[in-house]
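2 protein chains.
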Amino acid sequence: MNIGQAARATGISAKMIRYYDEIGLVRPAARTEANYREYDARQVNELRFIRRARNLGFSMAEITRLLSLWRDRERPSREVKAIADRHVADLDARIAEMQAMADALRHLSHCCAGDDRPDCPILADLTAGSLPSDPPRRSRPS
Amino acid sequence: MNIGQAARATGISAKMIRYYDEIGLVRPAARTEANYREYDARQVNELRFIRRARNLGFSMAEITRLLSLWRDRERPSREVKAIADRHVADLDARIAEMQAMADALRHLSHCCAGDDRPDCPILADLTAGSLPSDPPRRSRPS
DNA sequence: GATGGACCTTCCCATGATGGGAGGGTCAAG
DNA sequence: CTTGACCCTCCCATCATGGGAAGGTCCATC
Numbered sequence: 172m173n174i175g176q177a178a179r180a181t182g183i184s185a186k187m188i189r190y191y192d193e194i195g196l197v198r199p200a201a202r203t204e205a206n207y208r209e210y211d212a213r214q215v216n217e218l219r220f221i222r223r224a225r226n227l228g229f230s231m232a233e234i235t236r237l238l239s240l241w242r243d244r245e246r247p248s249r250e251v252k253a254i255a256d257r258h259v260a261d262l263d264a265r266i267a268e269m270q271a272m273a274d275a276l277r278h279l280s281h282c283c284a285g286d287d288r289p290d291c292p293i294l295a296d297l298t299a300g301s302l303p304s305d306p307p308r309r310s311r312p313s
Numbered sequence: 172m173n174i175g176q177a178a179r180a181t182g183i184s185a186k187m188i189r190y191y192d193e194i195g196l197v198r199p200a201a202r203t204e205a206n207y208r209e210y211d212a213r214q215v216n217e218l219r220f221i222r223r224a225r226n227l228g229f230s231m232a233e234i235t236r237l238l239s240l241w242r243d244r245e246r247p248s249r250e251v252k253a254i255a256d257r258h259v260a261d262l263d264a265r266i267a268e269m270q271a272m273a274d275a276l277r278h279l280s281h282c283c284a285g286d287d288r289p290d291c292p293i294l295a296d297l298t299a300g301s302l303p304s305d306p307p308r309r310s311r312p313s
């Protein structure tokens, strides 16, 4: 199966499949004489695996780890569970952080007349705001 | 006030202040003879404004807009409110999406023994999972 | 008035996941 | 054999951010 077929079979763009090859995450089973990447069922499954993990919001680093556990028939489920639990905790933290932002903004917006006049508590808050000492800047996988 | 002092006064790195200058978001009030950037109270306030908006999770594009509204004494509060409301809606959507991910993972993790044995519903799900047709890939400002 | 250290400048590079595109080779159907 | 769809590699761009090099500036201390 060449890269385009693998792309259609997995829902991952050919570009990204080449990228995964490049970073060593999923290498093609072989190359044809014409240097075309050849994928078989194993790689296609791995690519699907990656897509699903990505859909669950795992970072590429987490996916790399999960994939190596997936490839290892003997892995203890403990390790997988640990990654999943860490990821859940991370998601929960981000959710809480975003919830706080949304609530703060909702409050400000609620206090803003939203008419033709220039008085606006939202901008007023941004001008003089209390800023509660830097929320962390996390990076986002998805 | 030079860039280092402005950085300390606003909590934004000198690097980022130079970047904001470069993209035209906040230009220094002047340059000294030695070509040092000179910031005064106005710019420092604007930089603080940016930091607070960033802390609320606004994207740079939104901040650019908010800043121009902030600079315009005559702006109708309606416009500001519209941006804030859109941002709240966006946050809510992301929160729901992440909540769904976290719930799905929590469920899987709950079903995983997490011991020495290799049987793991989490990997099983990633292997065969139903994947409910691509959740959107949003970019994240913060 | 020199020296040293803290500061400033610009320029270049890297990140991570992704897409765009150019320039060129390959394959299969007509 | 031609044509169009496909593949290859290589380069560039994104966006906000940081690292670092090479070189100029400022100020306090000797």
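Chains as they are written, first to last, in this note's numbering: chain A, 172 to 313; chain B, 172 to 313.
All C-beta atoms in this analysis are idealised placements derived from N, C-alpha and C, irrespective of residue type, glycine included.
- Output, in chain order, the set of chain B residues within a Cβ distance shorter than 7 Å of residue 218 (chain A). As a position in the first sequence, residue 218 (chain A) is number 47, starting the count at 1. By Cβ distance, chain B contributes nothing, its closest Cβ being about 12 Å from residue 218 (chain A), past 7 Å.
According to the neighbour-count rule (16 or more other Cβ atoms, all chains shown, within 10 Å of its Cβ), is residue 214 (chain B) buried or exposed?
On the second sequence, residue 214 (chain B) is found 43 positions in, with the first residue counted as 1. Residue 214 (chain B) is buried by the Cβ-count criterion.
On a CA-only basis, which of B:196, B:195, B:173 is nearest residue 315 (chain B)? Give me that one, please. What is shown of chain B runs 172 to 313, which leaves residue 315 (chain B) out entirely.
| query | Under the three-state reduction of DSSP, which class applies to residue 346 (chain A): helix, strand or coil? | reply | In the structure as shown, chain A starts at 172 and stops at 313, and residue 346 (chain A) therefore has no counterpart that could be examined.
- request: Kindly indicate the opening and closing residues of the alpha helix (DSSP H) around residue 220 (chain B).
  value: For the purposes of this step, residue 220 (chain B) is taken as residue 49 along the second sequence, with counting starting at 1. Looking at the DSSP string, the run of the alpha helix (DSSP H) that includes residue 220 (chain B) is 212-226.
Exercise. Residues of the region 246-279 of chain A with a CB closer than 8 Å to any CB of chain B: list them in chain order, please.
Key: Listed by position along the chain: 246, 247, 248, 249, 251, 252, 253, 255, 256, 258, 259, 262, 263, 265, 266, 269, 270, 272, 273, 275, 276, 277, 279.
query: Can you give the beta carbon distance from residue 183 (chain B) to residue 218 (chain B), rounded, assuming they're within the 8 Å contact cut?
result: On the second sequence, residue 183 (chain B) is found 12 positions in, with the first residue counted as 1. On the second sequence, residue 218 (chain B) is found 47 positions in, with the first residue counted as 1. So it is a contact: roughly 5 Å between Cβ atoms.
Which residues does DSSP list as the beta-bridge partners of residue 202 (chain B)?
Indexing the second sequence from 1 puts residue 202 (chain B) at position 31. Answer by DSSP bridge pairing, in chain order: B:208.
Open item on the list: Quick check on the DSSP output: the alpha helix (DSSP H) that includes residue 185 (chain B) runs from which residue to which?
Closed with: The residue given as residue 185 (chain B) occupies position 14 in the second sequence. Unbroken alpha helix (DSSP H) run through residue 185 (chain B): 185-193.
Out of A:198, A:271, A:251, A:211, which one is the CA nearest neighbour of residue 229 (chain A)? Counted from its first residue, the first sequence places residue 229 (chain A) at position 58. Residue A:251 is the option with its Cα nearest to residue 229 (chain A).
task = Kindly indicate if chain B contains any beta-carbon less than 8 Å away from that of residue 181 (chain A).
result = Within the first sequence, the letter at position 10 stands for residue 181 (chain A). Chain B, which has no Cβ nearer than 8 Å to the Cβ of residue 181 (chain A), makes this no.
(request) Answer with yes or no whether the minimum CB distance from residue 174 (chain B) to chain A is below 8 Å. (result) Translated into positions along the second sequence, residue 174 (chain B) becomes position 3. The beta carbon of residue 174 (chain B) does not come within 8 Å of any beta carbon belonging to chain A, so the residue lies off that interface.
With distances taken from CA atoms, which of A:277, A:257, A:210, A:249 is nearest residue 232 (chain A)? Walking along the first sequence from the start, residue 232 (chain A) turns up at place 61. Nearest C-alpha to residue 232 (chain A): A:257.
Is residue 302 (chain B) close to chain A? Criterion is C-beta to C-beta, closer than 8 Å. On the second sequence, residue 302 (chain B) is found 131 positions in, with the first residue counted as 1. Any reading at residue 302 (chain B) needs caution, since the residue's pLDDT is 38, under 50, leaving its predicted position unreliable; the model's value is listed next. Among the CB atoms of chain A, one or more fall inside 8 Å of the CB of residue 302 (chain B).
Q: Hey, could you find the ends of the alpha helix (DSSP H) residue 314 (chain B) is sitting in?
A: The first residue shown for chain B is 172 and the last is 313, placing residue 314 (chain B) beyond what the model contains.
Q. Would you say residue 273 (chain B) and residue 263 (chain A) are within 8 Å of each other, going by their C-beta atoms?
A. As a position in the second sequence, residue 273 (chain B) is number 102, starting the count at 1. As a position in the first sequence, residue 263 (chain A) is number 92, starting the count at 1. Cβ distance < 8 Å, so residue 273 (chain B) and residue 263 (chain A) count as in contact.
Residue 286 (chain B) CB to nearest chain A CB: under 8 Å?
Within the second sequence, numbered from 1, the residue matching residue 286 (chain B) stands at position 115. Chain A, which has a Cβ nearer than 8 Å to the Cβ of residue 286 (chain B), makes this yes.
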